[in-house]
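Student: Sharing a structure here in structure tokens format.
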Amino acid sequence: MSNLTLRNTMGNRREVFRPSDHRNVRVFTCGPSTYRRPHIGNYRTFLYEDLLVRHLEYLGYGVHRVINFTDVEDKAVDEAADRGLTVKELTEETHGRFRAEARTLGLRLPDRIPQASRSIDEAVAIIERLVERGRAYAFDGSYFFDVFACPEFGKLYGLDSVRMPERRVRFARDTYEGRRWNLGDFVLWHAESDDARRTEAAWETRIGVGRPSWNVQDPAMIVQNFGDSVDIVCGGIDNLYRHHDYNVAVMEAYSEKELAGFYLHGEHLVVNGRKMSKSAGNVLYPEHIQEAGYYPHHLRWYLMSAHYRTRLNFTWERFAEEAALIDGLRSVVENSPSAAGVSPSQEVLTVFEREMNDDLHAAGAVRGLVELFDGRSQLSPEELQAVERIDVVLGLFRDARNESVGP
RNA sequence: GGCGCCGUACCCAAGUGGCUAAGGGGGCGGUCUGCAAAACCGCUAUUCACCGGUUCGAAUCCGGUCGGCGCCUCCA
């Protein structure tokens, strides 16, 4: 159906994309934290996922995308407890702001965003089955995943007996806090705590009173929305170690099927060569871009101006250059005469499809347009027609005739 | 300490085996202009951190060295 090639984190190889159903694609993407607001690096990840979904639709697939809120994880409970809120109230606050900012950036979101707090039954069912199969065990009201009952544990990250033998051996010998059997075992269910009770993040269930851990919330939402497997799992690179590999372990122990055909991981946005962090004081939010006099399309383009699997270094100097580039392109598009009934320029479509089918190289597609239109003041009606068609994916030009966009 | 990514001109950056190593910024020179700005034109890496290897051929592959960054704490 398409010539789309994607780099798959599983195996770290480029593979031709083929969903299990040749017409429909199931995409599972990790949503924002519910305990603090997303910064522009978070939005970079959501943007490449947005481009993935839009491009799959361009290629003719029906796409069922889930973006999730893991709203009962430890930090959400802590934050809610600190502020005297329930986790539900905290989630609603975050959710509203996220939707508003996403809309401004042109990120399309599903109408409904699943929440871990609404998939407790699925989480319990998963844990029960893992216990039945000897893959998980209870201790003092909590439940843990037994990594040694899972021979392939760590296969996504590469944590296997070939690459990290000492780690497996160490897991075999140690115990941790007298609770876990092995150091590598991870929690599936937290027994109820005072903070959890206070923030209403505890549920009475067949396996006890408590809440699902981060490691079982995604599997629960996958089961709730897709069943046993999906076509693509997406997220930021930091989700690879100890989140997606745990998801793989849990889901595959549960279903005895492969979780996903493809795993995509986006690299981080860094600022002046350093990772954004609260302690470094270099965290940038969309409002900082707005305050500097830029518009959402500048940020949207900037965040896609490097391939999603390469680290993007934010500097104001480079931001200004990229803003000038996209404005130049937009003004050419804006000055172009439209005409009904013309067929789109094949040359433009070819550049776009070549780049996007090459592991979603949106930056290459746009730079290809810049090269194609170099020195021109306007496009032919056929070229404009093509630009409008591919902009359904890129989302950079639609507002070219309407500058009233603003965060 | 372990694992991984990266190192292309003054700056940013594309390019992952083969025509003369994209592009942008900056700088320099020019056209235009009362002067300037803007715009446009031209110039700005015999070479891709360094050393060695593979190959007819390497920025691209392999080994090593140096340097930067990231991960190894529920951080997209």
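In the numbering used here, the protein residues as written are 145 to 551.
Using N, Cα and C, we set each Cβ at its ideal position, and we do this for glycine too.
(1) If I measure Cβ to Cβ from arginine 273 and keep anything under 8 Å in the same chain, skipping five residues before and after, which residues do I get?
(2) In chain order, what are the residue ranges of uninterrupted beta strand (DSSP E) at least 3 long that sit wholly in the segment 347 to 374?
(3) Within the same chain, show all residues whose beta-carbon is closer than 6 Å to that of leucine 456, passing over the 5 residues directly before and after it, in chain order.
(4) What is the rounded straight-line gap between the Cα of serine 286 and the Cα of glycine 352?
(5) Let me confirm a value: serine 489 is counted as buried when at least 16 other C-beta atoms fall within 10 Å, else exposed. Which label applies?
(6) Is DSSP giving lysine 299 helix, strand or coil here?
(7) At the level of alpha carbons, what is the spacing between serine 261 and lysine 419?
(8) Near glycine 508, what residues of its chain come up, given a Cβ to Cβ distance below 6 Å and the 5 sequence neighbours on each side ignored?
(9) From the DSSP output, in three-state form, read off aspartate 471 for me.
(10) Three-state secondary structure (DSSP) at isoleucine 211?
(11) Ignore the nearest five residues each way along the sequence and tell me which others in asparagine 152's own chain have a CB closer than 7 Å to its CB.
(12) Counting along the chain, where does the beta strand (DSSP E) carrying valine 415 start and finish?
(13) Rounding to the nearest angstrom, what Cα-Cα distance links aspartate 372 and asparagine 416 in this structure?
(14) Determine the direct distance from the alpha carbon of arginine 355 to that of serine 337, and round the result to whole angstroms.
(15) Quickly, what does DSSP pair asparagine 152 with across the bridge? List them, please.
(16) How many angstroms separate the CA atom of valine 306 from the CA atom of asparagine 391?
(17) Taking the alpha-carbon positions, what's the valine 476 to arginine 511 distance?
(18) Report back the beta-carbon spacing between glycine 187 and leucine 384 to the nearest angstrom; my notes put them in contact at under 8 Å.
(19) Where do the N-terminal and C-terminal ends of the alpha helix (DSSP H) with leucine 274 fall, by residue?
(20) To the nearest angstrom, report how far apart arginine 324 and glycine 206 are at their CA atoms.
Tutor: From the atom records:
(1) If we look at arginine 273 and ignore the five residues flanking it on each side, its Cβ neighbours are Tyr398.
(2) The beta strand (DSSP E) runs lying completely inside the segment 347 to 374 and spanning 3 residues or more are 347 to 349, 352 to 356, given in chain order.
(3) Leu413, Ala450
(4) 9 Å
(5) Buried, since its Cβ has 16 or more Cβ neighbours within 10 Å.
(6) coil
(7) 31 Å
(8) The answer, listed in chain order, is Glu499.
(9) DSSP, read as helix, strand or coil, puts aspartate 471 in helix.
(10) strand
(11) If you ignore the 5 residues before and after asparagine 152, its C-beta comes within less than 7 Å of the C-beta of Glu159, Phe406, Tyr407, all in its own chain and listed in chain order.
(12) 413 to 415
(13) Distance between the alpha carbons of aspartate 372 and asparagine 416 is about 42 Å.
(14) Their backbone Cα atoms lie some 9 Å apart in a straight line.
(15) Answer is Arg157.
(16) Note that valine 306 scores 40 on pLDDT, short of 50, meaning its location in the model is unreliable and no value can be drawn from it.
(17) Rounded to the nearest whole angstrom, the CA to CA distance from valine 476 to arginine 511 is 14 Å.
(18) A small fix is needed here, since residue 187 is tyrosine in this sequence, not glycine. Contact flag wrong, Cβ pair sits at about 19 Å.
(19) 264 to 276
(20) Each residue's alpha carbon lies about 43 Å from the other.
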